[in-house]
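Here is the structure we will look at, set down as structure tokens.
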Amino acid sequence: MGLIPHDLSLDFRPTYVPKTISDFLKEVSMIGDVSDKVSKLDGFVKRLEEEMSKIDAFKRELPLCMLLLNDAILLLKAESIQCAASNNPPF
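Next comes the structure, spelled out in structure tokens:
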């Protein structure tokens, strides 16, 4: 049997996905280093944006999914900006 390229495989790739955005934010709040917090937030935003691009073709059939993803992305981006701002207070 030949090997299937990783990007063509239908295998489940285990990645940690929190149950809710609140769970994720609770986990992030426990991180001490602000740059690590921002990095974790930005990484999760990137993954949500990738999910959104996957269902973009189905946005008419899945309008609530699009709204939920968009709301989550906006919330996490705002949280990331707030964390970054707290790390760089104005003079």
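Heads up: the sequence shown begins at 1297 in the working numbering, then just goes up one per residue.
C-beta atoms are modelled at their ideal positions from N, C-alpha and C, and glycine is treated no differently.
Simplified DSSP state of residue i, which is helix, strand or coil
i: leucine 1358; result: coil
i: glycine 1339; result: helix
i: aspartate 1367; result: helix
i: aspartate 1352; result: helix
i: aspartate 1332; result: helix
Check whether residue i and residue j have beta carbons under 8 Å apart
i: leucine 1372; j: leucine 1337; result: yes
i: valine 1334; j: alanine 1380; result: yes
i: asparagine 1383; j: valine 1324; result: no
i: leucine 1344; j: isoleucine 1351; result: no
i: serine 1318; j: valine 1341; result: no
Below-8 Å beta-carbon distance, residue i vs any chain D residue
i: leucine 1365; result: Considering every chain present, this structure includes no chain D. It has just one protein chain.
For residue i, the first and last residue of its enclosing alpha helix (DSSP H)
i: aspartate 1319; result: 1317–1325
Cβ-based burial, residue i [other Cβ within 10 Å; buried from 16]
i: phenylalanine 1354; result: exposed
Residues of its chain near residue i, where Cβ-Cβ distance is below 7 Å and the 5 sequence neighbours each way are ignored
i: serine 1349; result: none
i: glutamate 1347; result: Leu1365
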